[in-house]
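Peer 1: Got a structure here, written out as structure tokens. Questions coming.
Next up, the structure:
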């Protein structure tokens, strides 16, 4: 199931000059065996932000930018997941380019295999640590990644050029029509939306997320359809990056397409609100546009201006993203549910997670800053793990 790659050379992914991070990074536009450094930095930044927003000391003490929008709208936290799927699309393009000599059958089998494995890992993560099949959540973050990757990669493999743009438009416009006509009144509300009703019909209320006060899954099956669009846009941006050799022209094109998508998404939001839980089509364009702009900024800083020293920790994070996601999830659940600590004067034990915050961080730094620093401490801890894996040239892939 897993391929743990251990290289005795510098790495199969990057080409560095011997002292590149003492002075500057040597960047090479991809040939079939090299990966873009900026792409790995973007992936690493996304993973670091994911850890930051997922491990506060207390969910009661979170600064506003680190909270999801209550319903409509978009905060920095709401960019984490679409950025990751955007990067998945970029990676799909470069993977296809690298494996262009493989047979169609082999490529399709590889896509389907990865889709199934990632979905099952996500399902098992939902089962942990109580393994209660009667109330296990079927969908989740990894499940959406699996479906969006699988469907997106197959569509990008089958359709080329303007046909892929037509497919993208059909997905985004079709999803808009589904949601608009799928409810008699207030089609984009928490209670009335078609996404919720579809998941309730398919899975039942015991097998979907309940964090909104009522059964509603923000990673539901129906709302995974527009997430495929996020992957396709990432793939198309990968094409733009690959076909333009000049870094300056590459940056200009990314800025142009990024601004265009942000503007289109913002205009569409006037009638189809930007909404992460519903993964609305306006949200797809808006976040993909921001992802494109952010990637352009990274290319400008790292590849054009050669300011690369700061990026090394994020290269470490980006080298094992799936492993870190799964491991961080298992870690958080273990110290939240399985490891309990007795507290003086309290008959009930509290979780190790809560104990570390209320007895360690909160008394020293206060509730708000302590909660933030608690999350930052986890970024440092998981970076150390990534650093060790990177130094040992261990890359866990599916």
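Residue numbers (UniProt numbering): 1 to 398. Ideal Cβ positions, reconstructed from N, Cα and C, are used throughout, including at glycine.
What's the call for residue 309, buried or exposed, on a 16-neighbour Cβ count within 10 Å?
Peer 2: If you number the chain shown from 1, residue 309 lands on position 309. Exposed, by the Cβ-count rule.
Peer 1: With DSSP collapsed to three states, give me the class of residue 30.
Peer 2: In the chain shown, the residue the question calls residue 30 occupies position 30. Reliability fails at residue 30, whose pLDDT of 35 lies under 50, so the model's placement of it is uncertain and the value that follows must be treated cautiously. Correct three-state label for residue 30: coil.
Peer 1: Just to confirm, is the Cβ distance from residue 336 to residue 61 under 7 Å?
Peer 2: Reading the chain shown from its first residue, position 336 is the one you call residue 336. Reading the chain shown from its first residue, position 61 is the one you call residue 61. No.
Peer 1: Looking at C-beta atoms only, is the number of pairs between the stretch 375-394 and the stretch 310-320 that lie closer than 8 Å three or more?
Peer 2: yes
Peer 1: So what does DSSP say about residue 271, is it helix, strand or coil?
Peer 2: Locating residue 271 in the chain shown gives position 271, where the first residue counts as 1. Coil, per DSSP.
Peer 1: Helix, strand or coil for residue 395 per DSSP?
Peer 2: Within the chain shown, the letter at position 395 stands for residue 395. If DSSP states are grouped into helix, strand and coil, residue 395 belongs with the strands.
Peer 1: So for residue 166, helix, strand or coil by DSSP?
Peer 2: Counting from 1 along the chain shown, the entry for residue 166 is found at position 166. In this structure, residue 166 counts as helix in the three-state DSSP scheme.
Peer 1: Please report the Cβ distance between residue 49 and residue 92, rounded to the nearest whole angstrom; I am assuming they are in contact, meaning their Cβ atoms lie under 8 Å.
Peer 2: As a first step, residue 49 must be located in the chain shown, where it is residue number 49. As a first step, residue 92 must be located in the chain shown, where it is residue number 92. That belief does not hold up - the Cβ atoms of residue 49 and residue 92 are roughly 22 Å apart, past 8 Å.
Peer 1: Apart from the five residues just before and just after residue 22, which ones in its own chain have a Cβ nearer than 7 Å to its Cβ?
Peer 2: The residue labelled residue 22 in the question sits at position 22 within the chain shown. Residue placement at residue 22 is poorly supported in this model, since its pLDDT is 38, which falls under 50; the coordinates are not used for a value here.
Peer 1: When DSSP labels each residue in this structure, what does residue 54 get in the three-state scheme?
Peer 2: Counting from 1 along the chain shown, the entry for residue 54 is found at position 54. In this structure, DSSP gives residue 54 a helical state, which the three-state scheme calls helix.
Peer 1: Any chance the stretch 115-131 sits against the stretch 142-152, with 3 or more Cβ pairs inside 8 Å?
Peer 2: Flag = yes, the stretch 115-131 and the stretch 142-152 touch.
Peer 1: Using 8 Å as the threshold, is the stretch 356-367 in touch with the stretch 279-291, meaning 3 or more CB pairs across them?
Peer 2: no
Peer 1: So, helix, strand or coil for residue 248, using DSSP?
Peer 2: Locating residue 248 in the chain shown gives position 248, where the first residue counts as 1. Three-state result, residue 248: helix.
Peer 1: Look up residue 309 in the DSSP assignment and say whether it is helix, strand or coil.
Peer 2: For the purposes of this step, residue 309 is taken as residue 309 along the chain shown, with counting starting at 1. Looking at residue 309 - three-state DSSP - the assignment turns out to be helix.
Peer 1: Which stretch, first to last residue, makes up the alpha helix (DSSP H) that contains residue 240?
Peer 2: Position 240 of the chain shown, counting from 1, holds the residue named residue 240. That run of the alpha helix (DSSP H) goes 224-243.
Peer 1: Which residue wins for smallest C-alpha separation from residue 55, given the options 381, 131, 244?
Peer 2: Taking the first residue of the chain shown as 1, we reach residue 55 at position 55. Nearest C-alpha to residue 55: 381.
Peer 1: How many Å lie between residue 305 and residue 158 at the Cα?
Peer 2: Residue mapping note: residue 305 aligns to position 305 of the chain shown, counting from 1. Residue mapping note: residue 158 aligns to position 158 of the chain shown, counting from 1. Computed Cα separation, rounded: 38 Å.
Peer 1: Leaving out the 5 sequence neighbours to the left and right, which residues in its chain are closer than 8 Å to residue 3 when beta-carbon positions are compared?
Peer 2: To locate residue 3, count along the chain shown from 1; it is residue 3. Residue confidence is low: residue 3 scores 48 on pLDDT, short of 50, so the model does not pin down where it sits. Its coordinate-derived value is still stated next. 396, 397, 398.
Peer 1: DSSP has residue 73 in a bridge; who is on the other side?
Peer 2: Along the chain shown, one-based indexing puts residue 73 at 73. DSSP lists 275 as partners of residue 73.
Peer 1: Is the CB-CB distance between residue 218 and residue 208 below 7 Å?
Peer 2: Taking the chain shown and counting its residues from 1, the one referred to as residue 218 is at position 218. Taking the chain shown and counting its residues from 1, the one referred to as residue 208 is at position 208. No, the Cβ-Cβ distance between residue 218 and residue 208 is not below 7 Å.
Peer 1: Which stretch, first to last residue, makes up the beta strand (DSSP E) that contains residue 284?
Peer 2: The residue you call residue 284 lines up with position 284 of the chain shown. It is not in any beta strand (DSSP E) - residue 284 instead sits in the alpha helix (DSSP H) that spans 281-298.
Peer 1: Can you tell which of 258, 202, 277, 282 has its C-alpha closest to the C-alpha of residue 269?
Peer 2: Within the chain shown, numbered from 1, the residue matching residue 269 stands at position 269. When each option's Cα is compared against that of residue 269, the closest is 282.
Peer 1: Going by DSSP, which residues form a beta bridge with residue 346?
Peer 2: Taking the first residue of the chain shown as position 1, residue 346 is located at position 346. Listed as beta-bridge partners of residue 346 by DSSP are 343.
Peer 1: State the beta-bridge partners of residue 351 as determined by DSSP.
Peer 2: The residue given as residue 351 occupies position 351 in the chain shown. According to DSSP, residue 351 bridges with 340.
Peer 1: Is there at least one Cβ from chain C nearer than 7 Å to residue 42's Cβ?
Peer 2: Absent from the structure is chain C; it holds one protein chain and no more.
Peer 1: Note down the Cα distance separating residue 303 from residue 38, rounded to an integer number of angstroms.
Peer 2: Translated into positions along the chain shown, residue 303 becomes position 303. Translated into positions along the chain shown, residue 38 becomes position 38. Each residue's alpha carbon lies about 8 Å from the other.
Peer 1: Does the pairing of the stretch 235-245 with the stretch 186-206 give three or more beta-carbon distances under 8 Å?
Peer 2: Contact fails: fewer than three Cβ-Cβ distances are below 8 Å.
Peer 1: Starting from residue 399, follow the alpha helix (DSSP H) in both directions and report where the run begins and ends.
Peer 2: Since the first and last residues shown for the chain are 1 and 398, residue 399 lies out of range.
Peer 1: Write down the C-beta distance between residue 187 and residue 179 rounded to the nearest angstrom, noting that I regard them as a contact closer than 8 Å.
Peer 2: Taking the chain shown and counting its residues from 1, one reaches residue 187 at position 187. Taking the chain shown and counting its residues from 1, one reaches residue 179 at position 179. Cβ-Cβ separation between residue 187 and residue 179: approximately 5 Å, consistent with a contact (criterion under 8 Å).
Peer 1: Assuming contact is defined by CB atoms lying nearer than 7 Å, are residue 125 and residue 258 in contact in what I supplied?
Peer 2: The residue you call residue 125 lines up with position 125 of the chain shown. The residue you call residue 258 lines up with position 258 of the chain shown. No, the pair does not count as a contact, with Cβ atoms beyond the cut-off.
Peer 1: In three-state DSSP terms, what is residue 48?
Peer 2: Working through the chain shown from its first residue, we reach residue 48 at position 48. If DSSP states are grouped into helix, strand and coil, residue 48 belongs with the helices.
Peer 1: Measuring alpha carbon to alpha carbon, tell me which of 84, 135, 123, 301 ends up nearest residue 210.
Peer 2: Sequence index remark: in the chain shown, residue 210 carries index 210 (1-based). Checking every option, the nearest Cα to that of residue 210 belongs to 135.
Peer 1: Do the CB positions of residue 231 and residue 89 come within less than 7 Å of each other?
Peer 2: Numbered from its first residue, the chain shown carries residue 231 at position 231. Numbered from its first residue, the chain shown carries residue 89 at position 89. Yes, they are a contact pair.
Peer 1: In or out: residue 40 buried (at least 16 other Cβ within 10 Å) or exposed?
Peer 2: By 1-based counting over the chain shown, the position of residue 40 is 40. Flag for residue 40 reads buried.
Peer 1: Looking only at its own chain, which residues have a Cβ that is under 6 Å from the Cβ of residue 83, when we skip the five neighbours before and after it?
Peer 2: For the purposes of this step, residue 83 is identified with residue 83 of the chain shown, where counting begins at 1. 46, 291, listed in sequence order.
Peer 1: Quick check on residue 214: does DSSP put it in helix, strand or coil?
Peer 2: Translated into the one-based positions of the chain shown, residue 214 becomes position 214. The answer is coil: DSSP assigns residue 214 none of H, G, I, E or B.
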